[in-house]
Amino acid sequence: MHPEKNNSSAFEPKIIAFVCTWCTYAGADLAGTSRMQYPSNVRVLKFPCTGRIDPVFILKAFQQGADGVLVSGCHPGDCHYIAGNFHARRRFAAFRKLLEFVGVDLQRLQFSWVSAAEGGKWVDVVTDLTETVRALGPMTEFKELALEEQWSGALTTPELKEAYLQI
Amino acid sequence: MNNTIDISHYAAIADSIRAEAARILEQGVVTAVVAYTTGRRAGSVQPVIITAAAEAERLTFTAASVNNLAVYLTKAKKDIPRSGRIGIVVKGCDLKALVGLMGESQLQRDQLYLIGIPCAGVLASTVRPAEALIAATLAPKCRECDAHLPEGCDYVPAVSLPSAPTLEPSYAAEIARLEALTPAERWAYWKEQFAKCIKCYACRQVCPFCFCEQCLCDRNKPQMVDTTPRPAGNTAWHIVRAMHLAGRCAGCAECERVCPMDIPLNLLNRKMAKELKELFDYEAGFAVHEKGPLNSFMEKDDQSFIK
Amino acid sequence: MSRIGVFVCHCGENISRTVDVERVAAHAATLPGVACATEYKYMCSDPGQTLLKKAISEQRLTHVVVAACSPRMHERTFRKAVEGAGLNPYLCEMANIREHCSWVHEDREEATAKACDIVGMMVERTKKNRVLPAITVPVTKRSLVIGGGIAGIQAALDIADAGHEVVLVEREPSIGGHMAQLSETFPTLDCSQCIMTPKMVDVANHPKITLYTYSEIELVEGYIGNFQVTVRKRARSVNERTCTGCGVCMTKCPQKKIPNKFDQNIGMRTAIYVPFPQAVPNTPVIDRENCTKFKTGKCGVCQKVCGPGAVDFEQQDTLIVEAVGAIVVATGFDLYSISEKPKGSPIKGYGEFGHGKIPDVIDGMTFERLASASGPTGGKIVRPSDGREPKQIVFIQCIGSRAREKGISYCSKVCCMYTAKHTMLYHHKVHDGQAYVFFMDARTPGKSYDEFWRRSIEEEEAVYIRGMVSRLYQKGDKIVVMGSDIAVGVQVEIEADMVVLATAVQPQQGADLLAQKLGISYDKYNFYSEAHAKLRPVECATAGIFLAGACQGPKDIPETVSQASAAAAKVMTLFSKDRLEREPIVARVREAGCVGCFACKKVCAYGAVEEKEIRDRQGNLLRVVASVNPGVCAGCGTCQATCPSKCVELDGYTDEQIVAMIEAL
Ligand SMILES: Cc1cc2nc3c(=O)[nH]c(=O)nc-3n(C[C@H](O)[C@H](O)[C@H](O)COP(=O)(O)OP(=O)(O)OC[C@H]3O[C@@H](n4cnc5c(N)ncnc54)[C@H](O)[C@@H]3O)c2cc1C
Ligand code: SF4
Ligand code: SF4
Ligand code: SF4
Ligand code: SF4
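Chains as they are written, first to last, in my numbering: chain A, 8 to 174; chain B, 136 to 442; chain C, 259 to 923.
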């Protein structure tokens with residue numbers, strides 16, 4: 008299926024999916040019981056509700072080397088916990104703007120509603136994200152940061168320069 | 136563009152503050168007053184808490200009265216006696232923080248006696264406190280101030296606010312500049328900025344909204360954010376911080392003022408404020424909201440970003 | 259140090275066909291903290307579970323990971339097995355390598371690598387799992403039923419017959435609701451009073467039922483199994499204990515011309531009254547707004563004539579607190595009034611069709627009262643304006659209902675059937691009369707319903723015109739009805755003597771206020787929302803509160819009674835144990851760190867977060883912190899994601915567990 012697989016040097020994106028147990032996890036189960044096929048890059052973390060998903064987890068996932076992150080839960084109105092997904096929707100609407108502003112390519116961060124009946128949609132969402140990220144190449148930004156020890160040492164303000172010269 | 140800013144009324148304000156502080160302490164309206172007093176460096180002022188009417192003569196107000204005194208009222212900074220009503224001197228931007236703190240059950244309006252300042256602006260953190268207030272030395276937040284006259288205070292000195300020159304907002308311009316860059320260029324910009332951070336946490340200490348007993352970024356079980364002052368942990372800290380203040384920060388810019396490494400922290404805060412305004416039509420600081428934008432929702436909220 | 263056992267299942271060949279299970283087990287064995295790792299053909303089978311239990315005791319395992327199918331399939335099975343071997347069930351997790359791996363990937367290499375990752379992730383997570391003791395809350399085995407229509411009556415009787423005490427609260431002076439107003443009922447045409455009043459009497463006489471009529475819910479506190487409900491018993495001005503129900507007071511009251519709401523205001527009553535002769539309780543109430551004594555201070559005739567001296571003008575409202583474990587909400591419906599718009603109603607389109615202006619334009623419920631043998635006309639169908647028998651009568655269906663532009667898009671469900679019933683009742687009573695019905699569709703999906711509807715056309719000679727009425731006006735003593743027959747494509751104009759509007763079924767006024775007191779959710783029309791439209795149609799999302807009847811959506815009597823009995827069964831299930839066991843996946847507050855910002859409280863959809871005062875030994879208030887009621891918390895974790903400093907944490911999904919998984923990748 009994926010001829011490039013045998014080529015060990017080819018880039019295989021690491022995709023982390025944060026999903027709620029009632030809708031998207033069940034949708035992914037349905038994709039399984041229906042024997043649908045999709046790229047094996049995704050690793051699924053189950054939460055009770057999208058309301059439980061903290062933006063810090065997304066940050067952490069990127070820091071741990073994820074090349075793409077998916078957050079998925081119940082469609083609006085279907086939340087098992089009444090309104091968890093509505094709170095999540097606001098939280099992530101704001102968070103993605105923040106990430107975008109600090110320079111994260113939002114193509115790497117996908118949000119979706121996948122219900123327990125949408126095995127096919129799960130396959131599409133995961134496949135699309137995997138292929139998009141594959142085309143983008145590895146997410147190097149956070150990995151590079153982790154390797155860097157100190158600040159670059161650029162003296163950008165007159166005070167700093169002055170202070171530095173006095174040492 | 137060396138247009139001077141008229142702050143001739145500050146002397147009268149200082150007189151009024153002294154008189155009012157003496158009165159309310161004298162009459163037992165309040166048990167303490169949080170205000171400004173003259174500092175050691177030439178022209179500088181510093182925060183002070185007085186508890187006796189006799190001390191009121193030490194109080195002042197000048198263009199160097201930059202501090203947001205609201206921070207002295209939050210629980211985590213337990214500098215203030217908890218009993219009784221407390222008087223506090225507030226500029227418009229400071230009042231916004233107080234209003235936010237009321238919405239978050241940290242303060243009660245009836246526990247406060249607000250002395251509002253008709254403020255024409257204060258000095259930027261990058262200039263010496265003795266300098267004259269002109270457009271170039273004005274704090275960037277004052278360029279786009281929309282609350283020169285704090286509303287709903289218990290006492291406002293009877294002075295008229297001189298007309299002020301209209302100035303180009305600098306944060307908005309900088310946000311627009313960054314937004315126009317590619318993600319890679321923005322990343323490079325912030326990487327450089329965040330890399331400078333030495334994790335002194337002065338920004339957190341001075342922020343009225345960082346009133347958490349234990350900051351998420353100090354936790355080690357699990358370690359959500361790397362605590363060492365290295366680029367990875369710094370970036371995480373700044374992202375978490377901006378996210379936690381989103382919808383709460385109203386722009387007193389104290390974090391930016393105290394940062395020894397000159398990291399443009401308020402830029403992130405303003406960006407988030409702008410987004411929340413656009414997304415949810417929410418502006419922090421103008422009224423006590425029962426719920427903030429990130430702990431409420433509407434069914435029709437935008438979801439165009441969700442597949 | 260943890261000693262984790264990893265058990266990799268072949269699932270016959272379902273997993274092992276694409277995943278190299280031996281390699282997965284071998285990989286698991288190398289992970290730190292793993293004490294043993296094996297694979298087996300069917301882990302869920304008896305021998306599989308035995309293998310698991312044996313390993314737990316022999317290897318002294320502290321945690322278990324079963325790599326097999328979806329946890330949605332067998333998590334319970336394995337947690338039970340683990341519990342059987344003496345471990346806390348929440349120390350066992352499943353790694354889903356079937357639905358999420360072997361079934362969706364063909365490449366053996368890839369699938370095996372992914373399975374290893376999934377197992378690794380779950381091993382790291384499981385290390386951080388803590389013992390979670392089951393949560394139990396005591397259950398007060400008494401129930402509150404709100405609303406005494408047929409729904410509330412049925413639910414109350416069922417619960418009381420099962421031996422549990424019931425408190426039934428009704429807003430009106432008598433129970434009975436709308437069904438007591440009906441004449442005869444579709445699809446069998448039995449007399450409503452005849453089947454209803456015996457049940458009302460049963461309620462009054464049941465030793466397990468406490469009935470509060472003329473009462474309302476003031477305050478609801480507590481949670482499932484442990485509610486405290488304050489009932490406001492309005493002053494009746496008649497002592498229920500001493501009144502014998504002789505009714506002599508009513509015969510002497512000088513105020514005789516007060517429109518009786520029970521008779522849709524076409525019949526009159528006195529100021530001291532029972533709404534209808536069969537009322538339960540049969541104790542009159544003084545309508546203080548219309549009573550001469552209350553208005554002018556003079557009169558008091560009723561008090562003078564009352565033998566037992568039951569009339570008490572000084573009576574005050576009383577507040578009664580009842581402790582109950584479950585609540586059934588059965589507050590029923592109201593009819594869309596096109597003469598006046600209820601305050602705050604978002605629904606548009608009031609005022610057309612002359613209802614409230616043209617006296618002989620009435621609604622369906624008024625027709626019921628006219629047709630009722632015990633109604634104000636003794637069952638004679640006559641015009642309210644002049645008492646003449648209408649010879650041409652027009653029924654118009656879907657008034658308000660299914661009219662999106664007017665603000666109601668739903669179907670009121672009962673109008674097609676009761677209109678058919680009305681044409682029959684009319685034909686039985688006015689042999690030479692002619693009935694016309696304007697309708698959009700006939701919706702008759704019920705047992706014997708379509709047959710009933712056809713009978714009205716085929717045997718009772720009603721003329722059904724498919725189309726809507728565009729205009730209606732008074733001309734002399736006739737009402738001209740102009741409409742179109744879309745089946746034939748012609749305009750029709752009928753000079754009618756009387757027009758009956760099948761107005762939409764709406765929730766009771768103030769339904770939203772009651773919902774707010776109860777903490778249950780409601781839709782945009784104020785109908786109460788069930789927890790799940792298909793699978794939990796009688797439960798509210800708020801634990802311990804159940805729904806019955808038309809308050810949840812338009813319903814006819816058979817459906818209402820079914821739902822009421824279902825709600826009663828749910829209550830009895832809850833009452834079958836002394837303590838209620840709940841899954842311990844609930845949030846907990848770390849009080850030491852909590853600063854009392856109550857962001858958590860703001861986002862909790864269940865009202866599970868409370869404010870807790872922390873005081874020193876002298877009783878001085880130190881701080882106010884959040885506190886989660888484990889009896890109410892549903893375990894969504896929204897609070898934790900919202901708390902900046904994570905001082906509220908969801909057991910079973912702690913940050914430690916989640917971060918451990920992310921870090922394992
Ligand atoms: C014109 C008409 C004809 C009908 N004919 C038929 C028929 O022939 N056959 C059939 O099967 N169905 C018929 N129906 C439907 C039938 O009336 C309903 O299915 C049934 O009455 C619903 O019962 P309920 O108990 O849910 O509501 P209701 O009968 O409305 O009872 C609700 C009760 O709750 C009380 N209440 C409301 N709010 C509060 C509160 N806040 N606190 C305390 N108490 C409160 C009310 O006073 C009332 O007593 C007809 C409906 C209409 C409109
Ligand atoms: S004040 Fe500046 S250097 Fe200190 S922690 Fe904050 S951003 Fe970093
Ligand atoms: S950064 Fe967040 S967790 Fe830390 S103190 Fe500020 S608000 Fe609290
Ligand atoms: S959100 Fe956190 S700090 Fe705020 S009240 Fe809740 S638990 Fe306490
Ligand atoms: S986990 Fe969900 S239900 Fe429980 S207290 Fe938190 S927000 Fe409320």
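A virtual CB, placed ideally from N, CA and C, is assigned to each residue, including glycine.
May I ask you to check if the CB of K813 (chain C) is nearer than 6 Å to at least one heavy atom of ligand 1?
-> yes
Three-way DSSP call (helix, strand, coil) for F833 (chain C) in this model | helix
If you drop the 5 nearest sequence neighbours on each side, which residues of the same chain put their C-beta closer than 6 Å to that of R701 (chain C)?
-> C674
Which of the three DSSP states, helix, strand or coil, is assigned to E718 (chain C)?
-> coil
Taking one C-beta from the segment 828-844 of chain C and one from the segment 605-619 of chain C each time, how about it: are there three or more such pairs within less than 8 Å?
-> no
List the residues that DSSP assigns as beta-bridge partners of Q692 (chain C).
-> C:Q650
Please list, in chain order, all residues of the same chain as M396 (chain B) whose beta carbon is under 7 Å from its beta carbon, the five residues on each side excluded.
-> K331, C332, I333
Going by the CB atoms, is the gap between L208 (chain B) and L242 (chain B) shorter than 7 Å?
-> yes
Say yes only if the C-beta of H436 (chain C) is nearer than 6 Å to one or more non-hydrogen atoms of ligand 1, and no if none qualify.
-> yes
How would you list, in chain order, the residues of chain A whose beta-carbon sits under 8 Å from the beta-carbon of R330 (chain C)?
-> T28, Y32, A33, D36
With distances taken from CA atoms, which of C:T471, C:C905, C:T896 is nearest F432 (chain B)?
-> C:T896
Consult DSSP for L172 (chain A) and reduce its assignment to one of helix, strand or coil.
-> helix
I477 (chain C) classed as buried or exposed, judged by whether at least 16 other C-beta atoms fall within 10 angstroms = Looking at the sequence provided, one finds Leu at residue 477 (chain C) rather than Ile. By the neighbour-count rule (16 or more Cβ atoms within 10 Å), L477 (chain C) is not buried but exposed.
Would you mind telling me which residues of chain A sit closer than 9 Å to F920 (chain C), beta carbon to beta carbon, in chain order?
-> Checking the sequence, you will find Ile at residue 920 (chain C) rather than Phe. Those are I23, L52, F64, K67, A68, Q70, Q71, A73, listed as they occur along chain A.
Cα separation between E797 (chain C) and G84 (chain A)?
-> 17 Å
Does any CB atom of chain B fall closer than 7 Å to the CB of P512 (chain C)?
-> no
Verify whether the separation of the beta carbon atoms of M458 (chain C) and S450 (chain C) is less than 7 Å.
-> no
beta-carbon V582 (chain C) near ligand 1 non-hydrogen atom, thresh 6 Å = no
Should F444 (chain C) be listed as close to ligand 1, given that the test is whether its C-beta is under 6 Å from any heavy atom?
-> yes
In three-state DSSP terms, what is L52 (chain A)?
-> strand
Spell out whether any CB of chain A is found under 7 Å from the CB atom of R176 (chain B).
-> no
Answer yes or no: the CB of S622 (chain C) versus the heavy atoms of ligand 1, is any distance below 6 Å?
-> The question names Ser, but residue 622 (chain C) is Gly in the sequence shown. Correct: G622 (chain C) has its Cβ closer than 6 Å to ligand 1.
For I314 (chain C), the nearest candidate out of C:R330, C:A529, C:A343 (CA to CA) | C:A343
Listing by chain order, which chain B residues have their CB less than 7 Å from the CB of L143 (chain A)?
-> Simply none; closest approach about 11 Å.
Three or more C-beta pairs below 8 Å linking the segment 439-454 of chain C and the segment 678-686 of chain C = yes
Proximity to V323 (chain C) [Cα-Cα], best of C:G565, C:G378, C:V563 | C:G378
Please determine, among B:D361, B:N401, B:A187, the residue with the shortest C-alpha to C-alpha distance to E391 (chain B).
-> B:N401
Please list the segments of the beta strand (DSSP E) lying wholly inside the segment 266-310 of chain C, counting only runs of 3 or more residues, in order along the chain.
-> 292-298
What does G802 (chain C) touch in chain A if you count any residue whose Cβ is under 9 Å from its own?
-> Neighbours of G802 (chain C) on chain A: none; closest Cβ ~15 Å, over 9 Å.
Helix, strand or coil at L160 (chain B) [DSSP, three-state] = helix
Between which two residues does the beta strand (DSSP E) harbouring N354 (chain C) extend?
-> 350-354
Does E914 (chain C) come within less than 7 Å of chain B when only Cβ atoms are used?
-> yes
Would you mind stating whether P55 (chain A) and T28 (chain A) have Cβ atoms separated by less than 7 Å?
-> yes
Residues of its chain near K828 (chain C), where Cβ-Cβ distance is below 7 Å and the 5 sequence neighbours each way are ignored = V796, E797, F804
Cα separation between V109 (chain A) and C901 (chain C)?
-> 23 Å
Measure the C-alpha to C-alpha separation of F697 (chain C) and Q766 (chain C) and round it to an integer number of angstroms.
-> 26 Å
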